[in-house]
Amino acid sequence: MASENNKRIAKNTLLLYVRMIITMVVSLYTVRVILGALGTIDYGIYNVVGGIVVMFSFLSTTMAAASQRFFAYHLGRNDLIQMGKTFNVTLTIYIIVALVVLLLAETVGLWFLNNYMSIPYNRVIAANWIYQFAILSFIATILVVPYNASIIAHENMKVYAYVSIIEAVLKLLIVYVLFVLPFDKLKTYAVLMFITTSIVSCIYITFCIRKYSECRFQLVLDRKLFKDLLSYSGWNLFGALATISNSQGTNILLNVFFGPSVNASRAIAFQVSTAINQFVTNFLTAVNPQITKYYATGEKENMLNLVFRSSKLSYFLLFILSMPMLLETHFILALWLKVIPPYVVIFAILVIIAALIDSLSYPLMSAAQASGKIRLYQTVVGSTLLLNLPVSYVFLKYNFPPDITMYIAIGSSLLCLFLRLIMLRGMIDLRIDRFLKTVIVRVVLVTLIAYPVPLYLRMSLVEGFSRFLVVFLVGTLTSICAIYFLGLSVNERLYINDIIKGLRAKINARKHLAL
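The letter at position 224 of the sequence shown is residue 1065 when you use the numbering used here, and the numbering goes up by one with no holes.
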């Protein structure tokens, strides 16, 4: 059974990597072109104004976590009838949430946009235009979340790969249309992004309605289920609010203190982090349903083993990809953007470091969600994250540079990692000493052993493509060797060896058939 689950995780991860490669290439290309088309100020305006709407999306994030947990739990118990009821109640709640968000966005959000945001006077109308279409995009996104949660719970990851190809084509068309149409580029971009979001949402909804019977909406009046979902989501609400304030709230603070140009720099840095982080996100998207299903069926030891292994592998995946970016940040950004806006380099480095720390926490978050016992967990971790905003405000008020917000976020990520371990000790009997030994010690060893040689080469050679190539190749080699010999357990190395042997056997078999 465990072997079949491992194969399913591997297959789904591979499919999600296909999706990731497509979206990453298109995303990095379109950011460069759109930054050139809009300019730094307009690009910053688009990101910070859209960020106001993202502030409201913590409601969506909260309910999404609840949906995926409940769906995977019922599938793990093979209770499709209860899953159908859960889907319908969830979708009803989402419709209510969309209406609440619309009300808040058109009152409080609109007031904040026009009274407190730092936007050039001649772009205020365009900013309001963006804001309205961002609200519409958010509504389209929030209504599709239960359908996406159902796809993930069913572990049907190939759908994401196919839809991502369509989405990538649409985003490339946006770049072309942006240069062809003779209208205000900022307004045009907002409209086209809304159209793209709507098309993708419609595809997901149509697929789920045709594929899964539980996704055909019927009004279900189940007070107990409604209460259970809201109760579970209520505590997630606090954690989601803290997470969003950590990112989008900081974005608004930077706008108030420094203007939209710094928002553009931060947005570019997060694009880099997001592109790299997708490798980990795709891996965890394949793993998370298994964590919940193990908990649902009472296989706690299998769940803990998967959580520990996932934390370690998440870090290693991100570490291999991030090393050249951390060592050659300026060269890569110059190659990508041509002209590097201020603060982008330091933002990119700090965002990647924060992502490395957070990668250790993601499977722990999934385990907490699987248990359903999240009241104390969200109170403690959420309160810690929520402190980021006032602490950042105080430092910025005393004229610290904008990158201070990322140092605060890194410190918060480290603290939250150990707080999660303490909370999970009581929630799922997670042994902290075992996590430190099997995960933390190994990732620290790998980092300390793999980094010095490429760092020395980076400091010794002159910046350019040759140095980048040497640092990239040597860094990748030292990372893989350190991970294999120091990061993996004996059983994990044997498993990797078996995979390599299997691949060799298949290649040799095909060669013989060809002959």
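Just so it is clear, CB atoms sit at the ideal spot from N, CA and C, and this is done for glycine as well. In this text, all values refer to a predicted model and were calculated from it rather than measured experimentally.
On the three-state DSSP scale, how would you describe E1142? Here E1142 carries a helix assignment [DSSP, helix/strand/coil].
Between the Cα of L1174 and the Cα atoms of I1015, V1113, I936, N955, which residue gives the shortest distance? Closest in C-alpha terms to L1174, from the list I1015, V1113, I936, N955, comes V1113.
Nearest-angstrom beta carbon gap, F1149 and T799 [assumed within contact, 8 Å]: With the chain covering 842 to 1356 only, the question about residue 799 has no answer from this structure.
Determine the contact status of S1253 and T1225, defining contact as a CB-CB distance below 8 Å. Yes; because the gap between Cβ atoms is below 8 Å, this pair is in contact.
Which residue marks the beginning of the alpha helix (DSSP H) containing L1095, and which one marks its end? First-last of the alpha helix (DSSP H) with L1095: 1091-1099.
Runs of 3 residues minimum, wholly inside the region 1179-1229: which ones carry the beta strand (DSSP E) assignment? Taking only runs of at least 3 residues, no beta strand (DSSP E) segment lies wholly in the region 1179-1229.
Look up Q1059 in the DSSP assignment and say whether it is helix, strand or coil. Coil.
Along the chain, where does the alpha helix (DSSP H) containing R813 start, and where does it finish? There is no way to answer for residue 813, as the model of the chain reaches only from 842 to 1356.
Applying the criterion that 16 or more other CB atoms from any shown protein chain within 10 Å of the CB defines a buried residue, is S898 buried or exposed? Residue confidence for S898 is low, a pLDDT of 49 falling below 50, so the modelled location carries little weight; the figure read from the coordinates is stated next. Flag for S898 reads buried.
Check E788 in the structure and name its three-state DSSP category. Outside the displayed span of the chain (842 to 1356) sits residue 788, for which this structure offers no information.
Residues in its own chain within less than 8 Å of L835 by CB, not counting five upstream and five downstream? It is not possible to answer for residue 835, since the shown part of the chain is limited to 842 through 1356.
May I ask you to report which of helix, strand or coil DSSP gives Y1045? DSSP places Y1045 in the helix class (H, G or I) of the three-state scheme.
What's the call for N956, buried or exposed, on a 16-neighbour Cβ count within 10 Å? Residue environment for N956: exposed (fewer than 16 other C-beta atoms within 10 angstroms of its C-beta).
So, is N1104 buried or exposed, given that buried needs 16 or more other C-beta atoms within 10 angstroms? Buried, since its Cβ has 16 or more Cβ neighbours within 10 Å.
A1108 to R1064 span [Cα, whole Å]: Using only the alpha carbons, I get a separation of about 42 Å.
Looking at the unbroken alpha helix (DSSP H) that takes in F1357, where does it start and where does it end? This structure cannot settle anything about residue 1357, because the visible part of the chain is limited to 842 through 1356.
At least three beta-carbon pairs within less than 8 Å, the region 967-980 to the region 939-955: By the criterion of at least three beta-carbon pairs nearer than 8 Å, the region 967-980 is in contact with the region 939-955.
Give the DSSP-derived three-state secondary structure of S793 in the structure shown. The structure shown has nothing for residue 793, since the chain only spans 842 to 1356.
Exposed or buried, which one is I1341 when buried takes at least 16 other CB atoms within 10 Å? So I1341 counts as exposed.
Using 8 Å as the threshold, is the C-beta distance between F1236 and L1197 below it? No, Cβ-Cβ distance for F1236 and L1197 is not below 8 Å.
How many Å lie between Y870 and V938 at the Cα? Cα-Cα distance, rounded: 34 Å.
Is it right to say G1305 is buried, meaning 16 or more other beta carbons lie within 10 angstroms of its own, or is it exposed? Exposed, by the Cβ-count rule.
Thinking just about the alpha-carbon of each residue, which of I983, Y884, A990 is nearest to the one in V941? Among I983, Y884, A990, the Cα nearest to that of V941 belongs to I983.
Please report how far the alpha carbon of I1117 lies from the alpha carbon of L1158, in whole angstroms. Going from the Cα of I1117 to the Cα of L1158 covers about 9 Å.
Cβ-based burial, K1179 [other Cβ within 10 Å; buried from 16]: Counting the other CB atoms within 10 Å of its CB gives K1179 a total below 16, which places it among the exposed residues.
Host alpha helix (DSSP H) of E1008 (start-end): That run of the alpha helix (DSSP H) goes 999-1021.
So, under 8 Å CB-CB, E1008 and V1041 are touching, yes? Tell me the CB distance rounded to an integer number of Å. About 5 Å separates the two Cβ atoms, so the contact holds.
Tell me whether L1066 sits in a helix, a strand or coil according to DSSP, three-state version. If DSSP states are grouped into helix, strand and coil, L1066 belongs with the helices.
Nearest CA to the CA of P961: which residue from Y887, L1227, L1125? Ranking the options by Cα distance to P961, first place goes to Y887.
Nearest residue (CA-CA) to L1296, options F1259, M1164, Y1156, S1330: Of F1259, M1164, Y1156, S1330, the residue nearest in Cα terms is M1164.
Is DSSP giving S898 helix, strand or coil here? Below a pLDDT of 50, predicted positions are generally treated as unreliable, and S898, at 49, falls in that range; the measurement from the model is reported next regardless. It is coil, neither helix nor strand.
Measuring CA to CA, which of L1262, L1227, A1250 is closest to L1206? The amino acid at residue 1206 is misidentified as Leu; the sequence shows Met. Minimum Cα distance to M1206 is reached at L1262.
Do you know offhand how far S959's Cα is from A1250's? Roughly 23 Å separates the two Cα atoms.
Since I believe L916 is in contact with M924 (beta carbons under 8 Å), could you give me their beta-carbon distance rounded to a whole number of angstroms? The pair is a contact, with the Cβ atoms about 6 Å apart (cut-off 8 Å).
Any contact between the region 1040-1060 and the region 1023-1031? By contact I mean 3 or more CB pairs, one from each, below 8 Å. No contact exists between the region 1040-1060 and the region 1023-1031.
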